[in-house]
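The block underneath contains the structure these notes are about, expressed in structure tokens.
In this note's numbering, the protein residues as written are 213 to 570.
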């Protein structure tokens, strides 16, 4: 089943509201996982179902700011799936509890490069808060029958009037400002000045003039490409892998003049988890199993946090996905690391104005 159909089928079967998800968890002893749409795929945690004879209950969010506000408003989940730029915010808000790494099978196999990133998986006091699961890129995707390889050498193409109404970028403030930061030559957005913030925001306003719509998930992108609605996307690896596999004339340029953005997402244990900790740790062990690496890389196009699992993959597959050399992968990238809370809120407020046409 292709990615789009798989997501539609699974979403229809698994999507539940916040209140319903909690009720099911209490009534059935089920685990509540608050996640991105698509990660409910049973093959990403097959060890869990094999042990319990049932799937976890999944509830979904569109972006991490939405998830953050929902949890602060009282939604209860056991496990959630934030990305690198949000972990500190969630932790400082008191939403998380430390992980007992002795209860997670394969913890020592997690990618050392990712684990060494400051204030991400662990804090200075040695406590662990975040288990890296998936990592990948937001980069330039384009239709090769509508856009030339020469035109696709620069991210500034998103603001080219030639592509008015043929562009989509995510309804995601982090990806949006990653794009704008790269265009203005900034690789570390934690050092963004007021002048750079204005320059980045001005670029997003130029892009807005070309935007057909702001996408929210991979299904949006697949439908837009196959429906001949867009030619240019600031998007994720999965869209490229899925559509390329369907024979679409699409390429992903990870080597534009300005570079690309890299993100790392993973699982955290919620402080007020309503379920059983045994189930939570079994789920974490299941998604960290080395056998998941093959499926995640081939089907989703994302790297797996388990370095042992990644090392066992065919080098040709890793090279095709751009994961054969982590140092090279991170060399020309803006890593979506946590920003200062004041800067993040400023980005959120400004992006909302940009999308509204102001």
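Glycine included, C-beta positions come from ideal geometry on N, C-alpha and C.
message: Considering Cα atoms alone, identify which of 570, 489, 274, 460 is closest to residue 315.
response: For the residues 570, 489, 274, 460, the minimum Cα distance to residue 315 belongs to 489.
query: Which partner residues of residue 545 appear in the DSSP bridge assignment?
result: Residue 545 is bridged to 472.
query: When you compare only the Cα positions, how much space is there between residue 322 and residue 421?
result: Going by the C-alpha atoms only, they are around 42 Å apart.
Close Cβ partners of residue 550 (< 6 Å) along its chain, the five nearest in sequence each way excluded: So the qualifying residues of the chain are 297, 300.
task: Could you check the C-alpha separation between residue 462 and residue 349 for me, to the nearest Å?
output: Between residue 462 and residue 349, the C-alpha separation is close to 16 Å.
- prompt: So what's residue 261 in DSSP terms, helix, strand or just coil?
  reply: DSSP places residue 261 in helix when its eight states are reduced to three.
task: Measure the alpha-carbon distance for residue 453 versus residue 437 and round it to whole angstroms.
output: The alpha-carbon of residue 453 is positioned some 13 Å away from that of residue 437.
task: Hey, could you find the ends of the alpha helix (DSSP H) residue 324 is sitting in?
output: Counted as a single uninterrupted DSSP element, the alpha helix (DSSP H) harbouring residue 324 occupies residues 324-327.
message: Measuring only the C-alpha atoms, how far is residue 259 from residue 498?
response: Their Cα atoms are separated by approximately 5 Å.
query: Which value, in whole angstroms, describes the spacing of the CA atoms of residue 441 and residue 377?
result: C-alpha separation (whole angstroms): 8 Å.
query: Going by the beta-carbon positions, is the gap between residue 419 and residue 563 smaller than 8 Å?
result: In this structure, residue 563 does not lie closer than 8 Å to residue 419 by Cβ.
- prompt: Does the segment 352-366 come within contact of the segment 442-450, defined as at least 3 CB pairs closer than 8 Å?
  reply: The segment 352-366, when compared against the segment 442-450, does touch it at the 8 Å Cβ threshold.
task: Please classify residue 326: is it buried, with 16 or more other beta-carbons within 10 angstroms of its beta-carbon, or exposed?
output: Under this definition residue 326 is a buried residue.
task: Determine, using beta-carbon pairs with one atom in the segment 338-347 and one in the segment 307-314, whether at least three such pairs fall under 8 Å.
output: Yes: the two stretches touch, three or more of their Cβ pairs being nearer than 8 Å.
- prompt: Can you round the beta-carbon distance between residue 423 and residue 379 to whole angstroms, since I take them to be within the 8 Å contact cut?
  reply: Taking C-beta atoms under 8 Å as the contact rule, residue 423 and residue 379 qualify, at a distance of about 5 Å.
message: Can you check which of these residues, 404, 369, 466, 363, is closest to residue 555 by C-alpha distance?
response: Among 404, 369, 466, 363, the Cα nearest to that of residue 555 is on 404.
Where residue 254 sits in the DSSP three-state scheme: For residue 254, the secondary structure class from DSSP, reduced to helix, strand or coil, is helix.
Alpha carbon of residue 371 to alpha carbon of residue 415, nearest angstrom: Inter-residue distance for residue 371 and residue 415 is about 8 Å (C-alpha atoms, whole angstroms).
query: Quick one: what does DSSP say residue 200 is sitting in, helix, strand or coil?
result: The structure shown does not extend to residue 200, since the chain spans only 213 to 570, so no value can be given for it.
message: For the beta strand (DSSP E) containing residue 349, name the first residue and the last one.
response: In the DSSP assignment, residue 349 falls within the beta strand (DSSP E) that extends over 343-355.
message: What does DSSP give as the partner residue(s) for residue 465 in the beta ladder?
response: According to DSSP, which records beta bridges pairwise, residue 465 is partnered with 352.
message: If I follow the unbroken beta strand (DSSP E) through residue 396, where does it start and stop?
response: Taken as a continuous stretch (DSSP letters only), residue 396 belongs to no beta strand (DSSP E), as it is neither H nor E.
- prompt: When DSSP labels each residue in this structure, what does residue 309 get in the three-state scheme?
  reply: Strand.
- prompt: With C-beta atoms as the reference, is residue 492 less than 8 Å away from residue 485?
  reply: Against a cut-off of 8 Å, the Cβ pair of residue 485 and residue 492 comes out as a contact.
- prompt: Anyone know if the C-beta pair for residue 393 and residue 546 falls short of 8 Å?
  reply: Against a cut-off of 8 Å, the Cβ pair of residue 546 and residue 393 comes out as a contact.
task: Identify every residue that forms a DSSP beta bridge with residue 504.
output: According to DSSP, residue pairing for residue 504 in a beta bridge does not occur.
query: At what residues does the beta strand (DSSP E) containing residue 375 begin and finish?
result: The continuous stretches of beta strand (DSSP E) do not include residue 375, and DSSP gives it neither H nor E.
- prompt: Under 8 Å between the Cβ atoms of residue 270 and residue 252?
  reply: In this structure, residue 270 places its C-beta atom within 8 Å of the C-beta atom of residue 252.
- prompt: In the DSSP assignment, what residue or residues form a beta bridge with residue 482?
  reply: Answer by DSSP bridge pairing, in chain order: 308.
query: Just checking my contact of residue 246 with residue 289 at CB under 8 Å: how many whole Å lie between their CB atoms?
result: The Cβ separation is near 4 Å, so the contact holds.
query: Buried or exposed: where does residue 268 fall if 16 or more other Cβ atoms within 10 Å of its Cβ makes it buried?
result: With 16 or more other Cβ atoms within 10 Å, it is buried.
task: Buried or exposed for residue 181, please, with buried defined as at least 16 other CB atoms from any protein chain shown within 10 angstroms of its CB.
output: The chain is shown from 213 up to 570; residue 181 falls before or after that span and cannot be answered.
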